[in-house]
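FYI, the numbering for the sequence shown is 1 to 156, going by our numbering. Reviewing the structure listed below.
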Amino acid sequence: MLIRTKINGEVRELDGEPHTALVDLLRDAGYKGVKVGCREGVCGACTVLVDGRARHSCHMFAAQVQGREVTTIEGLGTPDRPHPLQQAFVDVGAVQCGFCTPGAILSARALLDEVPDPTEQEVREALDGNLCRCTGYVKMVEAVHLAATRLREEQR
């Protein structure tokens, strides 16, 4: 089946079986920032944005993104121009092994798109579907707040 979707702003036509997990379709297409973790929708390593909402891509079929917009970590920023969330995660030390980082950043992005000045509780709830075994969540929450501040300042 030819799956036509927009990935990171670019229209793509990907060949895949309709029942293939979205995480596998994306990784096969070269989006290696989408990690394969538990395959049960628990760890959040495979989190992507689908039409702006954080979704576990291991729990979606490839056919479900037909005609929709998908954002992976590769579409958020570049090494030369990281997104404020990516930079904030680095600045506060919220990254250690990095396996959970793409999913956590995309979950945070979905939150900040809806709530530009979130409370600590709102950040924790947004990150609830992303497990981290290395750094814990204190630094991640701090990074999201720093990025929120920077993004609001950019809009002024």
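Note that CB positions come from ideal geometry on N, CA and C, so glycine has one too. Predicted, not measured: the structure shown is a model, and the values here were computed from it.
> Just the Cα atoms here: how many angstroms apart are Leu-26 and Thr-5?
Replying inline: The residue given as residue 26 occupies position 26 in the sequence shown. The residue given as residue 5 occupies position 5 in the sequence shown. Going by the C-alpha atoms only, they are around 11 Å apart.
>> Can you check which of these residues, Gly-93, Val-23, Gly-98, is closest to Val-138 by C-alpha distance?
In response: Counted from its first residue, the sequence shown places residue 138 at position 138. Nearest of Gly-93, Val-23, Gly-98 to Val-138, Cα basis: Gly-93.
> Lys-32: which of Ile-7, Glu-74, Gly-136 sits nearest, CA to CA?
Replying inline: Taking the sequence shown and counting its residues from 1, the one referred to as residue 32 is at position 32. For Lys-32, the nearest C-alpha among the options comes from Glu-74.
>> What residue range does the beta strand (DSSP E) around Val-34 cover?
In response: Working through the sequence shown from its first residue, we reach residue 34 at position 34. Element bounds for Val-34: n/a, residue is neither H nor E.
> Can the beta-carbon of Arg-150 be found closer than 8 Å to that of Ala-88?
Replying inline: Here residue 150 is taken as the residue at index 150 of the sequence shown, counted from 1. Here residue 88 is taken as the residue at index 88 of the sequence shown, counted from 1. Contact check for Arg-150 against Ala-88 passes: the beta carbons are separated by less than 8 Å.
>> Please report the straight-line C-alpha distance between Cys-43 and Val-95, rounded to a whole angstrom.
In response: For the purposes of this step, residue 43 is identified with residue 43 of the sequence shown, where counting begins at 1. For the purposes of this step, residue 95 is identified with residue 95 of the sequence shown, where counting begins at 1. Approximately 16 Å, taken between the alpha carbons.
> Residues bridged to Val-50 by DSSP?
Replying inline: As a working mapping, residue 50 is identified with position 50 in the sequence shown. Note: Val-50 sits in a beta bridge opposite Arg-53, Val-70.
>> By DSSP's criteria, Lys-6 is part of a beta bridge. Which residues make up the other side?
In response: Translated into positions along the sequence shown, residue 6 becomes position 6. Partner(s): Val-11, Glu-69.
> CA-CA distance, Ala-146 and Leu-2?
Replying inline: Position 146 of the sequence shown, counted from the start, is the residue given in the question as residue 146. Position 2 of the sequence shown, counted from the start, is the residue given in the question as residue 2. It should be pointed out that residue 146 corresponds to Leu in this sequence rather than to Ala. One C-alpha to the other measures close to 41 Å.
> The alpha helix (DSSP H) with Pro-84 in it runs from where to where?
Replying inline: Your numbering for residue 84 matches position 84 in the sequence shown. Here the alpha helix (DSSP H) through Pro-84 covers 84-92.
> Can you check whether the CB of Val-36 is closer than 8 Å to the CB of Val-48?
Replying inline: Position 48 of the sequence shown, counting from 1, holds the residue named residue 48. Position 36 of the sequence shown, counting from 1, holds the residue named residue 36. Cβ atoms of Val-48 and Val-36: not closer than 8 Å.
>> Here's a check: name, in chain order, each residue in its chain whose Cβ is nearer than 7 Å to the Cβ of Gly-52, leaving out the five neighbours to either side.
In response: As a first step, residue 52 is located in the sequence shown; it is residue number 52 there, counting from the start. Ala-110, Asp-113, listed in sequence order.
> Looking at C-alpha atoms only, which residue of Asp-117, Ala-126, Pro-82 is the closest neighbour of Glu-153?
Replying inline: As a position in the sequence shown, residue 153 is number 153, starting the count at 1. Closest by alpha carbon: Asp-117.
> When the Cα of Cys-132 is compared with those of His-19, Met-60, Cys-46, Pro-79, which residue comes out closest?
Replying inline: In the sequence shown, the residue the question calls residue 132 occupies position 132. Closest in C-alpha terms to Cys-132, from the list His-19, Met-60, Cys-46, Pro-79, comes Cys-46.
> Assuming Pro-18 contacts Ala-63 under a Cβ cut-off of 8 Å, what Cβ separation, rounded to an integer in Å, is found between them?
Replying inline: Reading the sequence shown from its first residue, position 18 is the one you call residue 18. Reading the sequence shown from its first residue, position 63 is the one you call residue 63. With a Cβ gap of about 4 Å, Pro-18 and Ala-63 count as contacting.
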